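Residue numbers (the UniProt record's numbering): 1 to 49. Using N, Cα and C, we set each Cβ at its ideal position, and we do this for glycine too. These figures come from a predicted structure and were not determined experimentally. Structure record follows, encoded as structure tokens.
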């Protein structure tokens with residue numbers, strides 16, 4: 001797997017983490033965690049660069 005594909009995968013995983021955290025906030029699930037938000041943002045930023 002080359003570097004460009006790894007970036008896309010990291011950005012995708014980060015987006016999924018952010019989406020999961022947003023949905024858990026909207027629907028009131030018990031699994032809300034700021035760590036998912038921070039990890040998601042970091043993965044998206046690193047993946048896009």
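In this structure, does DSSP put residue 28 in helix, strand or coil?
coil
For residue 28, does the count of other Cβ atoms within 10 angstroms reach 16, so buried, or fall short, so exposed?
exposed
Nearest-angstrom Cα distance between residue 37 and residue 17?
7 Å
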